[in-house]
Amino acid sequence: MATLVGALTSSHVPLIGKAIARNLHADPYWKPFFDGYPPAHAWLAGAKPDVAVVIYNDHGLNFFLDKMPTFAVGAAPEYRNADEGWGIPTVPPFQGDLDLSWHLIESLVGEDFDITTCQEMLVDHAFTLPMALFFPGGGAWPVRVVPVCINTVQFPLPSAARCYRLGQAIGRAIGSWESAARVVVVGTGGLSHQLDGTRAGFINKAFDLEFMNKLVTDPGWVTKYSVEDLVELTGTQGIELLMWLAARGALAGDVRRVHANYHVPISNTAAATMVLEPA
Ligand code: DHB
Ligand code: FE
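The sequence shown begins at 81 in our numbering and counts up by one.
What follows is the structure, given as structure tokens:
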């Protein structure tokens, strides 16, 4: 069976794409953010994943408000990025893993998750930037990928409890995949931020730090909050923390926090990253 080596989480602010393109890693604004990633690179060098299951929210590149699946899973041989209008460079295509895609889809439908299966799928900054942060250097990506989208754009959104259960089901699917592959789960989004409305610029550091701690010790903690509570606590886009919860859910049982970084702000966002592995 496949081996689930751990979970990586990261924010996905478009401005990061400009900073990477301009090589601003040592710039005073960017250094405390980019310094959060070398410990993840060191961990990845030992964990040696072959495949990444990337849980993220599309922002209008692949799905728009006219058709918005609550949960979607990619089943394409290749995934391309495209111009989203942020002015950031597009990245080389990602090679899919059709065998894991279809096993994941069969497992999730088998566990009564109603998902949309995407045999064509564009991946946006929420997918490409965390990949570029965890696997820097440009050129061909060192892992095959399976994208999983959770809707955090068009209400109604799935509850934290449901996203946690989705993550647990993803973990079971990886664990029952007949393959020698090593799999890492990636969750991207958050943490607190609000891009629009009268609370634009809202950040809640105290909540973010508690969320990061509880994600390690008591991941069910955040499921006591409704989506509306979480929007109030973390901002209209802070709800993207649901991706972190799903990624954590994939690691059944106790986890070890290998690394964490939290830096406020990058653009409008509380930017954070974590590396978790099974205890
Ligand atoms: C920003 C953050 C996001 O999560 C996103 O998807 C787009 C923009 C920002 O802070 O600029
Ligand atoms: Fe976002």
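Glycine included, C-beta positions come from ideal geometry on N, C-alpha and C.
One thing to note: E200 has its Cβ no nearer than 7 Å to the Cβ of A162. Scanning I250, G269 and M323 for the CA closest to the CA of W182 turns up I250. Per the DSSP secondary-structure output, L356 pairs in a beta bridge with A87 and R337. Residue pairing by DSSP puts R160 in a beta bridge opposite L202. Exclusion of the five residues before and after S259 leaves A82 as the residues of its chain whose Cβ lies within less than 6 Å of its Cβ. Taking 6 Å as the cut-off, the C-beta of H139 counts as close to a heavy atom of the ligand DHB. Judged by their CB atoms, T268 and P345 are not nearer to each other than the 7 Å cut-off. Between the region 99-115 and the region 223-238, the count of C-beta pairs closer than 8 Å stays below three; the two stretches do not touch. Not one heavy atom of the ligand DHB is found less than 6 Å from the C-beta of H105.
Taking C-alpha positions only, A350 is separated from V189 by approximately 34 Å. DSSP, read as helix, strand or coil, puts I230 in strand.
Counting only residues of its own chain and dropping the five nearest sequence neighbours on each side, L141 has a CB closer than 7 Å to the CB of A162, E164, L202 and D204. Ranked by Cα distance from T316, the first of G270, G86, A286 and G167 is G270. Under the DSSP assignment, F151 falls in the beta strand (DSSP E) whose first and last residues are F151 to G154. Assignment of P345 by DSSP, reduced to helix, strand and coil, places it in the strand class.
Bounds of the beta strand (DSSP E) holding A132 are V131 to Y136. Counting only beta-carbon distances shorter than 7 Å to the non-hydrogen atoms of the ligand DHB, the qualifying residues in chain order are S91, H92, V93, P94, L95, H139, H205, A206, G269, H273, L275, Q317, E320, I346, S347, N348 and T349. Collapsing the DSSP output to three states places G247 in a helix. In this structure, L310 sits away from R337, with a CB-CB distance that is not shorter than 7 Å. Two segments are said to touch when three or more pairs of C-beta atoms, one from each, lie closer than 8 Å; by this definition the region 270-281 touches the region 317-324.
Ranked by Cα distance from L95, the options S347, T353, A352 and A359 are led by S347. In this structure, Y342 and M292 form a Cβ contact; the two beta carbons are roughly 7 Å apart against a cut-off of 8 Å. Taking the C-beta atoms as reference points, A352 is found no nearer than 7 Å to V302. A Cβ-Cβ distance of about 17 Å is found for the pair V85 and V296, leaving them out of contact under the 8 Å criterion.
Residues V344 and A350 of the same chain have their beta carbon placed closer than 7 Å to that of K285, with the five preceding and five following residues left out of the count.
When rounded, the separation of the alpha-carbon atoms in T278 and T314 is 14 Å. In the three-state reduction of the DSSP assignment, T196 falls in the strand class. Under DSSP, R279 takes part in no beta bridge, so it has no partner. In this structure, V265 sits near A327, with a CB-CB distance shorter than 7 Å.
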